[in-house]
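Respectively, the protein sequence lines represent chains A and B. Each residue of the first sequence is one higher than the one before, counting from 10 in this note's numbering. Each residue of the second sequence is one higher than the one before, counting from 38 in this note's numbering. A quick write-up on the structure given underneath.
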Amino acid sequence: QQPVQSPQAVILREGEDAVINCSSSKALYSVHWYRQKHGEAPVFLMILLKGGEQKGHDKISASFNEKKQQSSLYLTASQLSYSGTYFCGTEIGSGNTGKLIFGQGTTLQVKP
Amino acid sequence: DAGITQSPRHKVTETGTPVTLRCHQTENHRYMYWYRQDPGHGLRLIHYSYGVKDTDKGEVSDGYSVSRSKTEDFLLTLESATSSQTSVYFCAISVKPKGRDTGELFFGEGSRLTVL
């Protein structure tokens, strides 16, 4: 039931782009994305609701394809501050529970 | 930070002893969650609560119990700690904007538990 994220790890140079994918075997109500810095708590980035919504947050955007039960997170012109572990959290069923099942995480390292 | 505090932040205990972790919130949010985080597994849901005395199991609930007698406090108890329960435990609350069914999670700072 846990969604699968790919890749597991990414190393980038500043200014490069990255895509992180999240795939579920269950029908999804929403997909959430979080970033966690080492030794800190996860921090919310964005929510995508079913309906093919695409959202953006500075130079970070995401898409959600409910038919394929997949979401992708796009990081463009990466900055050093983007380093961390990214998690997708999936909410199944009809929503209204707030209960998220998280993927195993994708570690992103941005180098100067 | 949505007013969430976890205690204790660090604890070392021995196998077989009971342990209780506390999550306290100051903003009267209805939905609260306990997750554990282990390398390679991400965040796994242990238990969650929809309100006072209203709790349910998550993905990895075996060996854990919870209680919520007040809106502001959500307690996680390990009745008899085992080494496999060594982990970082995060409490979270869901903040739902008006008119939306789903909300973002705000996490506490985490409680690092080591079971020897």
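Note that the Cβ used here is the ideal one computed from N, Cα and C, for glycine as well.
Amino acids of chain B, ordered along the chain, whose beta-carbon sits closer than 8 Å to that of residue i
| i | result |
| --- | --- |
| A124/A | An answer regarding residue 124/A cannot be provided, because it is not within the stretch 10 to 121 covered by chain A. |
| F73/A | By Cβ distance, chain B contributes nothing, its closest Cβ being about 12 Å from F73/A, past 8 Å. |
| I20/A | The contacting residues do not exist; I20/A stays about 18 Å from chain B at best. |
Chain A contact residues for residue i, given Cβ-Cβ distances below 7 Å
| i | result |
| --- | --- |
| G140/B | G107 |
| H78/B | Q113 |
| L85/B | Correcting the residue type first, residue 85/B is Tyr in the shown sequence and not Leu. Result: K108. |
| S131/B | G107 |
| Y68/B | G107 |
Inter-residue CB distance, residue i and residue j (contact presumed, cutoff 8 Å)
| i | j | result |
| --- | --- | --- |
| L117/A | L21/A | 7 Å |
| G110/A | Q10/A | The sequence given here has Ile at residue 110/A, not Gly. Contact holds; Cβ gap of about 6 Å. |
| L113/B | Y101/B | 6 Å |
| S148/B | P55/B | Rounded, the Cβ-Cβ distance is 15 Å, inconsistent with contact. |
| L153/B | E51/B | 5 Å |
| V28/A | G112/A | 14 Å between Cβ atoms; not a contact. |
| T115/A | V40/A | The pair is not a contact, with the Cβ atoms about 14 Å apart (cut-off 8 Å). |
| G217/B | Q74/B | Missing from the structure shown is residue 217/B; chain B here goes from 38 to 153 and no further. |
| T99/A | L37/A | 5 Å |
| S32/A | Q79/A | 5 Å |
Partner residues on chain B for residue i, Cβ-Cβ distance less than 9 Å
| i | result |
| --- | --- |
| H47/A | Here the premise fails: no neighbours, minimum Cβ distance about 12 Å. |
| I56/A | R137, T139, G140 and E141 |
Contact list for residue i against chain A, beta-carbon separation under 9 Å
| i | result |
| --- | --- |
| T82/B | Note that residue 82/B corresponds to Leu in the displayed sequence, not to Thr. Here the neighbours are K108, L109, I110 and F111. |
| E96/B | Q10, Q11 and I110 |
Outcome for residue i when other beta-carbon atoms lying within 10 angstroms are tallied against a minimum of 16
| i | result |
| --- | --- |
| E23/A | exposed |
| K108/A | buried |
| P16/A | exposed |
| E116/B | exposed |
| H47/B | exposed |
| H84/B | buried |
| V1/B | An answer regarding residue 1/B cannot be provided, because it is not within the stretch 38 to 153 covered by chain B. |
Per DSSP, cross-strand counterpart(s) of residue i
| i | result |
| --- | --- |
| I110/A | T99/A |
| N30/A | S15/A and S81/A |
| V56/B | L115/B |
| H61/B | T42/B and D110/B |
| L117/A | V19/A and G93/A |
| Q88/A | In the DSSP output, where bridge partners are listed per residue, Q88/A has none listed. |
| E141/B | V132/B |
| T123/B | Beta-bridge pairing links T123/B to no other residue. |
Contacts that residue i makes with chain B (C-beta to C-beta distance below 7 Å)
| i | result |
| --- | --- |
| E100/A | T139 |
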